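In what follows, a structure is listed as structure tokens, so that the remarks can point back to it.
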Amino acid sequence: MSAHALLTPLEPTGSLTVEKVLSVRHWNEHLFSFTVTRPPSFRFRSGEFVMIGLMGDNGKPLLRAYSVASPSWAEELEFLSIKVEDGPLTSKLQQVKEGDEIFLGRKPTGTLVADALLPGRRLFLFGTGTGLAPWMSIIRDPDIYDRYEQVVVVHSVRKVSDLAYREELDNKLAGDPLVEDFAATQLHYIPTVTREPFHTSGRIDALIADGTIFAGAPERPQKFDPEHDRVMLCGSMAMIKETAALLDGQGFTEGSNANPGEYVIERAFVG
Ligand SMILES: Cc1cc2nc3c(=O)[nH]c(=O)nc-3n(C[C@H](O)[C@H](O)[C@H](O)COP(=O)(O)OP(=O)(O)OC[C@H]3O[C@@H](n4cnc5c(N)ncnc54)[C@H](O)[C@@H]3O)c2cc1C
Ligand SMILES: NC(=O)c1ccc[n+]([C@@H]2O[C@H](COP(=O)([O-])OP(=O)(O)OC[C@H]3O[C@@H](n4cnc5c(N)ncnc54)[C@H](OP(=O)(O)O)[C@@H]3O)[C@@H](O)[C@H]2O)c1
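With UniProt numbering applied, the sequence shown covers 1 to 271.
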């Protein structure tokens with residue numbers, strides 16, 4: 001797609017609205033995030049995903065699934081995106097600038113929502129790479145701190161610069177008026193970097209095995225407890241499969257919107 005194509009006005013369709021890019025933040029050569037206008041008719045639950053995209057070279061919308069990274073109450077919609085070098089969408093999407101237009105699907109959906117989990121006390125949000133996006137939505141929604149006493153975000157990435165939102169998370173969302181008071185005591189952030197030196201470097205399964213993920217909430221058991229613990233998984237398919245198998249083995253059952261359970265999953269990409 002040419003730079004000119006990005007400037008050609010888009011037309012809404014029955015399933016897509018056209019939204020304006022409001023801001024863009026490049027985290028590194030593989031990752032960026034951006035915000036777009038939110039149509040008044042767009043309702044979603046924190047943690048859901050939606051189709052977004054640009055006009056393809058063939059004159060048809062080129063769409064991909066994206067988790068919304070902003071919470072359900074926010075006026076703007078935020079997305080965290082990978083930059084795949086030869087990726088049909090992201091090789092172009094990474095060039096968007098303030099004022100450009102993108103397509104937004106009218107029907108957000110997904111299972112990484114509080115409604116798909118049974119009530120509990122401690123919520124673990126495990127994400128690899130861009131699998132952090134739905135957690136940024138959920139932890140910026142005050143509702144989650146009513147539902148859970150402790151919320152633990154574990155973000156596993158290859159390189160330190162892949163730790164998108166690290167500062168905000170390290171600071172427990174200080175400055176976010178709706179959640180900062182809750183997050184100050186209830187939110188725990190455990191970043192791990194697997195291919196560069198960092199204070200924590202194990203994959204998620206290793207951090208479960210050695211107890212690192214339980215360290216933030218010392219008053220609770222230092223192991224999983226299916227009665228009170230709830231888990232959401234997002235990111236690499238291999239991580240999801242392996243962690244889901246581990247949880248199954250410990251008496252957790254997978255939840256869905258129709259049948260809430262003790263954990264829920266959503267792949268953020270195939271790989
Ligand atoms: C439910 C769901 C939610 C998603 N949410 C997000 C999101 O919030 N942010 C996001 O960046 N992507 C997300 N994705 C992936 C996204 O739909 C696209 O695959 C991505 O934008 C790349 O599009 P592309 O056309 O450039 O390349 P594709 O042809 O779609 O992908 C090319 C290859 O790049 C790799 N890849 C694609 N996406 C990722 C990724 N996110 N992380 C690591 N490797 C990847 C895979 O190996 C894939 O085969 C989600 C996918 C699903 C199914
Ligand atoms: N992020 C980058 O720096 C980078 C650079 C070049 C290309 N890319 C492209 O982007 C794609 C995705 O990269 P990504 O970094 O977003 O995702 P990724 O390869 O899935 O890595 C993200 C994190 O998930 C961990 N992980 C992978 N498989 C796991 C498993 N089975 N169980 C537990 N943890 C697991 C990784 O650990 P390990 O490090 O131990 O695998 C890493 O910490 C790749 O296919 C690659 O082509 C990314």
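Yeah, the Cβ is synthetic: ideal placement off N, Cα and C, and Gly gets one too. In this text, all values refer to a predicted model and were calculated from it rather than measured experimentally.
**Request:** Determine the contact status of LEU89 and SER33, defining contact as a CB-CB distance below 7 Å.
**Result:** Here residue 89 corresponds to residue number 89 of the sequence shown, with the count starting at 1. Here residue 33 corresponds to residue number 33 of the sequence shown, with the count starting at 1. Result no, Cβ atoms of LEU89 and SER33 do not sit closer than 7 Å.
**Request:** Run the CB neighbour count on residue 274, radius 10 Å, all protein chains shown included, and call it buried at 16 or more, exposed below.
**Result:** One cannot answer for residue 274 here, as it falls past the ends of the chain, which runs 1 to 271.
**Bridge partner(s) assigned by DSSP for TYR189** = The sequence position of residue 189 within the sequence shown is 189, counting from 1. Here TYR189 is bridged, per DSSP, to VAL153.
**Message:** Does the beta-carbon of LYS159, which I'm using as the reference point, lie nearer than 6 Å to any heavy atom of ligand 2?
**Reply:** In the sequence shown, residue 159 corresponds to position 159, counting from 1. Relative to ligand 2, LYS159 has its C-beta within less than 6 Å of a heavy atom.
**Expected contact under 8 Å - CB spacing of CYS234 and GLU266 to nearest Å** = Numbered from its first residue, the sequence shown carries residue 234 at position 234. Numbered from its first residue, the sequence shown carries residue 266 at position 266. By a beta-carbon distance limit of 8 Å, CYS234 contacts GLU266. Their separation comes to about 5 Å.
**Message:** In chain order, what are the residue ranges of uninterrupted alpha helix (DSSP H) at least 4 long that sit wholly in the stretch 62-116?
**Reply:** Qualifying alpha helix (DSSP H) stretches, in chain order: 90-93.
**Asked** Going by the CB atoms, is the gap between PHE49 and SER67 shorter than 7 Å?
**Response** As a first step, residue 67 must be located in the sequence shown, where it is residue number 67. As a first step, residue 49 must be located in the sequence shown, where it is residue number 49. Cβ distance < 7 Å, so SER67 and PHE49 count as in contact.
**Prompt:** Okay, do the stretch 154-166 and the stretch 176-185 touch, 3+ Cβ pairs below 8 Å being the bar?
**Reply:** These segments do not touch.
**Message:** What does DSSP give as the partner residue(s) for PHE32 in the beta ladder?
**Reply:** Your numbering for residue 32 matches position 32 in the sequence shown. BP columns for PHE32 point to HIS26 and SER81.
**Asked** Mind checking SER2: buried by the 16 CB within 10 Å criterion, or exposed?
**Response** Residue mapping note: residue 2 aligns to position 2 of the sequence shown, counting from 1. Because SER2 sits at a pLDDT of 48, beneath the cut-off of 50, its placement in the model cannot be relied upon, and the following sentence gives the value as read from the coordinates. The residue in question, SER2, is exposed, as its Cβ has fewer than 16 Cβ neighbours within 10 Å.
**Request:** Taking only the alpha-carbon atoms, compute the straight-line gap between THR198 and GLU242 and give it to the nearest angstrom.
**Result:** Along the sequence shown, one-based indexing puts residue 198 at 198. Along the sequence shown, one-based indexing puts residue 242 at 242. Contrary to the premise, residue 198 reads as Phe rather than Thr in this sequence. It is roughly 24 Å from the alpha-carbon of PHE198 to the alpha-carbon of GLU242.
**Asked** Taking Cβ to Cβ, would you say PRO228 is nearer than 7 Å to GLY56?
**Response** In the sequence shown, residue 228 corresponds to position 228, counting from 1. In the sequence shown, residue 56 corresponds to position 56, counting from 1. In the sequence as presented, Pro is not what sits at residue 228; that position holds His. A distance of 7 Å or more separates the beta carbons of HIS228 and GLY56.
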